[in-house]
Every structure is written in C-alpha cells, then in structure tokens.
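K.L.:
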Amino acid sequence: MTDNIRVLCFTSCGTKLSNMSSGPSDSLCVLTIHAHPDDEASKGAPTLALYHDLGVRTVLVCCTGGEEGDIQNPVLRAEGGPFYGLNPEQEKQKLALIRPGELAESARIIGFDEVVMLGYWDSGMADSPANENPDCFHQADLDEAVGRLVAIIRTQRPQVIITYGDDQRGYPHPDHLKVHDISLPAFQRAGDPAWYPSAGPVWQPLKMYYSVWSRTRLIAVNEAMLAKLGTSPYDEKWLNRPSQDDRITTRINVASHMAARSGALRAHATQVDPNESWWFGLNDEELARAYPFEDWVLAHSLSGYPNEDEVEIDIFAGIKDVISLRDVVSAPKRLTNPDPVVAP
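So for the sequence shown, my numbering puts the first residue at 216; every next one is plus one.
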C-alpha cells in the first residue's frame, strides 16, 4: 500500500523525502486531504496553523504533484525569469520540478508536521487531454486509491479528517471530485480490519469535515474591498455561486492566523500572482476584520453533532476541548444562505 507514498517530514527529518514513518503516538492529530500543491494554502491554512500552534499534530495529504498547473505569475515568464523563453512542454517539465519545493515552503509556513504525497499525477482541468493520462489521479482505480489513503490514516492516526465536500458545483475539477470520492470510504474502512489488512493496524478517525464555500464570507470580503479600493475582483457570478452557508456546522476564529494563508499562497510563486487583488486585495489584518472565521461542515461524526441551532467553535469538540469559549471573543452564530447580490 505504501510503495507510491512519500512523506515529507518537518519536525524530525528536515525536508528530506522518506518512506512512510512508523507512526506517531496517540496524541491529537488532524489530517487534511488536498488535490494539488497550493490547495492547502487557499483552503484552511489559518485553521491548520492555529491547531499546530495549539499543540495538535497537523498532517497534509497531497494527492498529486500539480504537474498540469499553469504559470499564474507573469513575472516568471519575463526576461530573467525561470520560465523565460520556454515552450509549453518545457514549462510543464520545469513546473513539475519546482512545485514540490513550493509545497515544502508553504507547509513550513502553515506548520504541518508531515506532508504525505499520495503519489498520483495531476489530472488537469475537466475535459482536458491530461484527463486521459493513465497515471493521473482521475484515472486511478478507486479501491487502490482508497487503500493508499487508509494506509496513511492508520499510520498517522488522526482523530479528525478534513476533506472536500459532496457539493463541488462551483469548481468541479476532476482531482477535487476524486478527493471526495476516496475520503469517505477511507474514513469508513480505516477502522475495519477486514479492509486492506496489509495497510497496518486499524485506526478509526472520529470526525470528518468538509471544506465549504461560504457566500457570507465572500460578500463580507467583497464589501471590504469595495470600501478600501473602490473595486473588487468578484463579479455577480462569483457573488451568487451556489450557497452552502446553511450547511455550516463549525466556525473557527482564525483572526490571529491569517498570515498563514497569505504566506503560504506567496510560497506558491508559480501559481499565485503576488499583485493579484483576488488573493491580496486585503491584508491579513483587514481580512481578519472583514471575516475572522473559517467555516466547515461536520459531515460524519462518531462523537456527536451540534444541535441545529448551535455552532461548533472547535473541530475537536466532543473529543477533547482544544478551543473553549473563553478563548474566543464571542460565540459565532449559525449562518443562513444570503440573498442574491447585485454587483455595482
């Protein structure tokens, strides 16, 4: 199960790529699953940084190497830049060599204790020729891919898993869809000795969260950008994407850790333009004032669910209180789906 899996350790082995480790102690651990390098920066970086600083082991599973990405930073193609004068094939080859280093730096900034590469090739955007690559994640045998993830779960022993949700209408990338497809069966099978007996001693995670698209957050950020800049990169199409706010069960106050997001995004220099207002129209302090939370959906739990009128403030709620009410300024409220927005 572990032949194609690599672990990038930060606490015990520097930045050396190695085989699967023998497994941590049974301390608190959260494991988050992402499709490509840079997804860990744009989705949940402040939450993982916060829990790392609170003493929780944080583990990232990255399913692909992001080899099919495009250069988003125009400076890199300019004269003197690393991609200057390269043709598309040469760009892809160079990008595949650069992205692991970007991921390592992003993970260091966020504070991940380990990064585990699931070992698949990037599938590219939907309906692109890259989808047909037999080594890509999209083409991977589902049972085999689930088995790889089960082996990681049994090694890392997380109580909490964070992954992509079942509603990805806003961005139906093949690799993002596949992340969801392997996560739920891996969560269910990791604790069952009948499944993947060669993948190590069984371990049952207790909670699984989905990342979620919050229109409430986007509207708040959009309004803050308009107030600051007089303009915003978010048009009506973005502001009115399908809302999932009413599904949100868990809201983590990450105002103190917004720098993990901006720093990790900048680490992915090939994928993120540092002058792009989409990512950096608000600085860390302004973003924290506009919307200090990261929102999650508790999709599966063996340790209970919050009541319909309640919201969790801790992803370890019901397991061990890592964040308590005394640690936050005020308890967040449940969200509802915002009304349609008409952009100026």
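Each residue gets a CB set at the ideal place from its N, CA and C atoms; glycine is no exception.
Kindly identify the DSSP beta-bridge partner or partners of Ser518.
P.N.:
DSSP output for Ser518 lists no bridge partner at all.
K.L.:
Among all the DSSP beta bridges, which residues are the ones paired with Glu468?
P.N.:
A small fix is needed here, since residue 468 is Asn in this sequence, not Glu. According to DSSP, which records beta bridges pairwise, Asn468 is partnered with Phe508.
K.L.:
For the 8 Å Cβ check, are there 3 or more pairs between the region 312-320 and the region 365-374?
P.N.:
The region 312-320, when compared against the region 365-374, does not touch it at the 8 Å Cβ threshold.
K.L.:
What whole-angstrom Cβ distance do Asp488 and Asn552 have, given they're in contact under 8 Å?
P.N.:
Between Asn552 and Asp488 the Cβ distance is about 31 Å, and since that is not below 8 Å, they are no contact.
K.L.:
Closest by CA to Ile376, which one among Trp336, Ala405, Asn348?
P.N.:
Here the closest residue by C-alpha is Ala405.
K.L.:
Would DSSP call Arg272 helix, strand or coil?
P.N.:
Arg272 falls in the strand class under three-state DSSP.
K.L.:
Comparing C-alpha positions only, which one of Pro261, Ile248, Asp253, Pro289 sits nearest to Pro507?
P.N.:
Ranking the options by Cα distance to Pro507, first place goes to Pro261.
K.L.:
Once the 5 residues before and after Ile397 are set aside, which same chain residues still bring their CB inside 6 Å of it?
P.N.:
Cβ within range, chain order: Ala360, Val361, Leu364.
K.L.:
What three-state label does DSSP hand Asn234 in the structure shown?
P.N.:
Because Asn234 carries a pLDDT of 34, less than 50, the predicted location of this residue cannot be relied on, and the following value inherits that uncertainty. Coil at Asn234, not helix or strand.
K.L.:
Less than 7 Å between the C-beta atoms of Glu255 and Leu275, yes or no?
P.N.:
Cβ distance < 7 Å, so Glu255 and Leu275 count as in contact.
K.L.:
On the three-pair Cβ rule with 8 Å, is the region 488-500 touching the region 295-306?
P.N.:
Taking 8 Å as the limit for Cβ pairs, the verdict is that the region 295-306 does not touch the region 488-500.
K.L.:
Give a yes or no on whether the C-beta atoms belonging to Ile463 and Asp536 are separated by under 7 Å.
P.N.:
No, the Cβ-Cβ distance between Ile463 and Asp536 is not below 7 Å.
K.L.:
Check whether the Cβ atoms of Trp493 and Pro457 sit closer than 7 Å, and answer yes or no.
P.N.:
Their beta carbons are not under 7 Å apart, which means Trp493 does not touch Pro457 by this criterion.
K.L.:
Would you list, in sequence order, the uninterrupted alpha helix (DSSP H) runs of no fewer than 4 residues that lie entirely inside the region 373-423?
P.N.:
Counting whole runs of 4 or more residues, the region 373-423 contains the alpha helix (DSSP H) stretches 389-404.
K.L.:
Report back the beta-carbon spacing between Val560 and Val271 to the nearest angstrom; my notes put them in contact at under 8 Å.
P.N.:
Any answer about residue 560 is impossible in this case: the structure gives the chain only from 216 up to 559.
K.L.:
Could you check what DSSP says for His249 in three-state terms: helix, strand or coil?
P.N.:
Residue state, collapsed to three classes: strand.
K.L.:
Using the rule of at least 16 other Cβ atoms within 10 Å of the residue's Cβ for burial, across every protein chain shown, is Ser237 buried or exposed?
P.N.:
Caution is warranted here: a pLDDT of 40 is assigned to Ser237, below 50, making its placement in the model unreliable, and the coordinate value is therefore given only provisionally. Burial call: exposed.
K.L.:
I need the straight-line Cα distance from Trp336 to Pro344, nearest angstrom please.
P.N.:
Going from the Cα of Trp336 to the Cα of Pro344 covers about 13 Å.
K.L.:
Straight-line CA distance for Leu454 to Lys258?
P.N.:
Those two C-alpha atoms are separated by around 18 Å.
K.L.:
In the structure shown, what three-state DSSP assignment does Met340 receive?
P.N.:
Three-state DSSP puts Met340 in coil, outside helix and strand.
K.L.:
What runs of the beta strand (DSSP E), each 3 residues or longer, lie entirely inside the region 296-345?
P.N.:
Entirely contained in the region 296-345, the beta strand (DSSP E) runs reaching 3 residues are, in chain order, 329-335.
K.L.:
Do Ala411 and Val394 have their C-beta atoms within less than 7 Å of each other?
P.N.:
Looking at the sequence provided, one finds Tyr at residue 411 rather than Ala. No.
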